[in-house]
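J.: Take a look at this one; I'll ask things after.
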Amino acid sequence: KNEVEQSPQNLTAQEGEFITINCSYSVGISALHWLQQHPGGGIVSLFMLSSGKKKHGRLIATINIQEKHSSLHITASHPRDSAVYICAVRPRDDKIIFGKGTRLHILP
Amino acid sequence: NAGVTQTPKFQVLKTGQSMTLQCAQDMNHNSMYWYRQDPGMGLRLIYYSASEGTTDKGEVPNGYNVSRLNKREFSLRLESAAPSQTSVYFCASSLSGPNEQFFGPGTRLTVL
Chain A
1232 KNEVEQSPQN LTAQEGEFIT INCSYSVGIS ALHWLQQHPG GGIVSLFMLS
1282 SGKKKHGRLI ATINIQEKHS SLHITASHPR DSAVYICAVR PRDDKIIFGK
1332 GTRLHILP
Chain E
40 NAGVTQTPKF QVLKTGQSMT LQCAQDMNHN SMYWYRQDPG MGLRLIYYSA
90 SEGTTDKGEV PNGYNVSRLN KREFSLRLES AAPSQTSVYF CASSLSGPNE
140 QFFGPGTRLT VL
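Here you go:
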């Protein structure tokens, strides 16, 4: 069983829709990361959180430590949001375990 | 600031050839990482360096060696390339431990 599971694996939505991507993990962690990988391949860190909720523009990330679950939400989605979104968890050492990613495609 | 830079961007090798992937960061970060990304799999840690002068194995270290040349630079060496090492390689850095990681643009390596 993977230590980090993301759902869905693929998601296609219309522009303007509210998007939710889920991440469940099975290990104790000190932090959880959400990353974005664009079609060109570059990886950008969106959020790092260890409790509660963070917001940046149209993106919101939440985490429930007790349930070992995090969600990434995108409000008013736009075609430029099309990318692979990766959840990664940091157990209590210096390493990170990555999920396989959710491929999001927003149609105009 | 350039952030994290990697060279080369693309490379094709024949089985048995050797090469070194270079990574440098200008953010004065202590920790540096090498990952590989394969289709259908998440990023996997090859080696990391928590600070200058230290290196540790990650999840998939076999067939690779690393050198933390100084605080800025962390290189990954393939001594005898194999087709199974065909992948996209990413270097990353962070201030230290539980901090945000910054990624380089990646190196696409094909081993024939």
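So the sequence lines, in the order shown, correspond to chains A and E. So for the first sequence, the working numbering puts the first residue at 1232; every next one is plus one. So for the second sequence, the working numbering puts the first residue at 40; every next one is plus one. Just so it is clear, CB atoms sit at the ideal spot from N, CA and C, and this is done for glycine as well.
1. Which term fits G145/E, buried or exposed, when burial requires 16 or more other beta carbons within 10 angstroms of its beta carbon?
2. Going by alpha carbons, who is nearest to Q1297/A out of S1282/A, L1303/A and A1307/A?
3. Okay, do the region 1260-1274 of chain A and the region 42-62 of chain E touch, 3+ Cβ pairs below 8 Å being the bar?
4. Tell me the residue span of the beta strand (DSSP E) that contains E1236/A.
5. Please state the DSSP three-state secondary structure of R1321/A.
6. Do you know how far the Cα of Y72/E is from the Cα of S88/E?
7. Just to confirm before moving on: does the CB-CB distance between A1319/A and L1335/A stay below 8 Å?
8. Would you kindly report the start and end of the unbroken beta strand (DSSP E) that includes Q1267/A?
9. In the DSSP assignment, find the beta strand (DSSP E) that holds R52/E and state where it starts and stops.
10. Helix, strand or coil for Q124/E, going by three-state DSSP, please let me know.
11. Quick one, are the C-beta atoms of F141/E and S132/E less than 8 Å apart?
12. Of the residues that make up the region 112-132 of chain E, which ones have a beta carbon closer than 9 Å to any beta carbon in chain A?
13. Under 9 Å, CB to CB, which of the residues in the region 59-84 of chain E have a partner in chain A?
14. Below 8 Å, can you find three or more Cβ-Cβ pairs linking the region 1296-1312 of chain A to the region 1235-1253 of chain A?
15. Return the residue from the list R111/E, D95/E and M66/E that minimises the CA-CA distance to N40/E.
16. How far does the beta strand (DSSP E) with Q140/E in it reach, from first residue to last?
17. Taking DSSP as the reference, what is the three-state secondary structure of D77/E?
18. Looking only at its own chain, which residues have a Cβ that is under 6 Å from the Cβ of G1332/A, when we skip the five neighbours before and after it?
T.: Inspection of the coordinates gives the following:
1. The count along the second sequence starts at 1 and reaches residue 145/E at position 106. Looking at its Cβ environment, which holds 16 or more other Cβ atoms inside 10 Å, G145/E is buried.
2. In the first sequence, the residue the question calls residue 1297/A occupies position 66. Out of S1282/A, L1303/A and A1307/A, S1282/A has the C-alpha closest to the C-alpha of Q1297/A.
3. no
4. Looking up residue 1236/A in the first sequence gives position 5. Here the beta strand (DSSP E) through E1236/A covers V1235 to S1238.
5. Residue 1321/A sits at position 90 when you count from the first residue of the first sequence. R1321/A falls in the strand class under three-state DSSP.
6. Translated into positions along the second sequence, residue 88/E becomes position 49. Translated into positions along the second sequence, residue 72/E becomes position 33. So the alpha carbons of these two residues sit roughly 6 Å apart.
7. Here residue 1319/A corresponds to residue number 88 of the first sequence, with the count starting at 1. Here residue 1335/A corresponds to residue number 104 of the first sequence, with the count starting at 1. No, they are not a contact pair.
8. Stepping through the first sequence from its first residue, residue 1267/A is reached at position 36. A1262 to Q1268 is the span of the beta strand (DSSP E), which, as asked, contains Q1267/A.
9. What you label residue 52/E is simply residue 13 of the second sequence in a count that begins at 1. Note that residue 52/E is Leu in the sequence shown here, rather than Arg. Its beta strand (DSSP E) spans residues F49 to L52.
10. Numbered from its first residue, the second sequence carries residue 124/E at position 85. Residue state, collapsed to three classes: helix.
11. Translated into positions along the second sequence, residue 141/E becomes position 102. Translated into positions along the second sequence, residue 132/E becomes position 93. Cβ distance < 8 Å, so F141/E and S132/E count as in contact.
12. V127, F129 and A131
13. S70, Y72, Y74, Q76, G79, M80, G81, L82, R83 and L84
14. yes
15. Walking along the second sequence from the start, residue 40/E turns up at place 1. Among R111/E, D95/E and M66/E, the Cα nearest to that of N40/E is on M66/E.
16. Within the second sequence, numbered from 1, the residue matching residue 140/E stands at position 101. First-last of the beta strand (DSSP E) with Q140/E: Q140 to F142.
17. Your numbering for residue 77/E matches position 38 in the second sequence. In this structure, D77/E counts as coil in the three-state DSSP scheme.
18. Along the first sequence, read from residue 1 onward, the residue named residue 1332/A stands at position 101. Within the same chain, G1332/A has close Cβ partners V1315 and I1317.
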